[in-house]
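Notes to accompany the following structure.
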Amino acid sequence: NNIMPFWLKYGLDRENGGVYTCLNRDGSLIDTTKSVWFQGRFGFVAAFAYNNIGDWEKSLELQKLCYDESLNLFGKHSSMTLTALNNLAHAYDSIGNHVKAIECQKEFYEDDLKTDRILNIGTVRGLLSFACFLLYKEQYEDSSIYAKTCYENMKKVRGESALDTIDALHVYAYSLSHS
60 NNIMPFWLKY
70 GLDRENGGVY
80 TCLNRDGSLI
90 DTTKSVWFQG
100 RFGFVAAFAY
110 NNIGDWEKSL
120 ELQKLCYDES
130 LNLFGKHSSM
140 TLTALNNLAH
150 AYDSIGNHVK
160 AIECQKEFYE
170 DDLKTDRILN
180 IGTVRGLLSF
190 ACFLLYKEQY
200 EDSSIYAKTC
210 YENMKKVRGE
220 SALDTIDALH
230 VYAYSLSHS
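Structure below.
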């Protein structure tokens, strides 16, 4: 009962975003360090706690904070930022804002769909996760666009018989069959 209130009261950097890592037991700040690992972990723990307690609005607020800090610290295509984006989309979805859940991810991946360069594996997996999310929301046409990008990139990077490539192909085929 006292862990989340403690971190919410003392651990959030409300001026610059993110979550401090080094606090005394009384909540005083030891150091302004914000570790990479802790930003993602706090986002996950906060989402889990609030989703199980039922305070969806608070979960969304914390997910926005962690996503913004991850984007700022690690850049767009880091695994930390992709994880934070996924958590943010699920937080929107949890409060029933399915449109915003989809829009925030579409906006994030928009440039990746327009490029001919090979995307890094983390980004491709994020795209595939988003394609699956769109399938779940019965947005088949959009899902097929993202799944096709994943399939083409995985085929170039991993080869046609790799499990990731086959997964992307399945999502792409399923999307096409329903659109």
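So the sequence shown is numbered by this note's numbering: it starts at 60 and just counts up by one. Positions of the beta carbon are idealized from the N, C-alpha and C atoms, including for glycine. Computed from a prediction, not measured in an experiment: that's the story for all the values here.
Suppose you measure from the CA of residue i to the CA of residue j; what does that come to, to the nearest Å?
i, j, result
"P64", "E116", "15 Å"
"Y126", "H237", "32 Å"
"C81", "E128", "17 Å"
"A148", "C209", "19 Å"
"L121", "A105", "7 Å"
"A221", "L193", "23 Å"
"V78", "D72", "6 Å"
"E169", "G76", "25 Å"
"G102", "N146", "7 Å"
"N131", "S118", "20 Å"
"A206", "I62", "40 Å"
"K173", "F167", "12 Å"
"I225", "L88", "49 Å"
"L187", "E162", "16 Å"
"H136", "G99", "14 Å"
"N111", "N156", "18 Å"
"I204", "Y233", "12 Å"
"D201", "D175", "19 Å"
So residue i is in the beta strand (DSSP E); what residue range does that whole segment cover?
i, result
"D284", "For residue 284 there is no data in the structure shown, the boundaries of the chain being 60 and 238."
Buried or exposed: which applies to residue i, given that a residue is buried once 16 or more other Cβ atoms fall within 10 Å of its Cβ?
i, result
"T91", "exposed"
"D171", "buried"
"N212", "buried"
"W96", "exposed"
"G185", "buried"
Going by CA-CA distance only, name the one from the options that's closest to residue i.
i, options, result
"A143", "L222, C209, G181", "G181"
"N83", "K68, G155, K196", "K68"
"G70", "K196, S203, I204, L124", "L124"
"K196", "V158, L88, H136", "V158"
"N179", "K165, G155, S153, K214", "K214"
"D223", "V183, S203, Y233", "V183"
"I177", "G155, D201, N156, R217", "R217"
"L141", "S153, I154, K165", "K165"
"F107", "I204, F133, S153", "S153"
Taking the alpha helix (DSSP H) that residue i belongs to, which residues open and close that run?
i, result
"E169", "157 to 172"
"E200", "199 to 217"
"T142", "138 to 153"
"S234", "222 to 237"
"I1", "Summary: the structure shown does not reach residue 1, with the chain confined to residues 60 through 238, and so no result is reported for it."
"I62", "62 to 65"
Would the beta-carbon of residue i be found less than 8 Å away from any heavy atom of the ligand FMN?
i, result
"R73", "No copy of the ligand FMN occurs in the structure displayed, which carries no ligand at all."
For residue i versus residue j, is the C-beta spacing smaller than 9 Å?
i, j, result
"L228", "Y199", "no"
"Y231", "A190", "yes"
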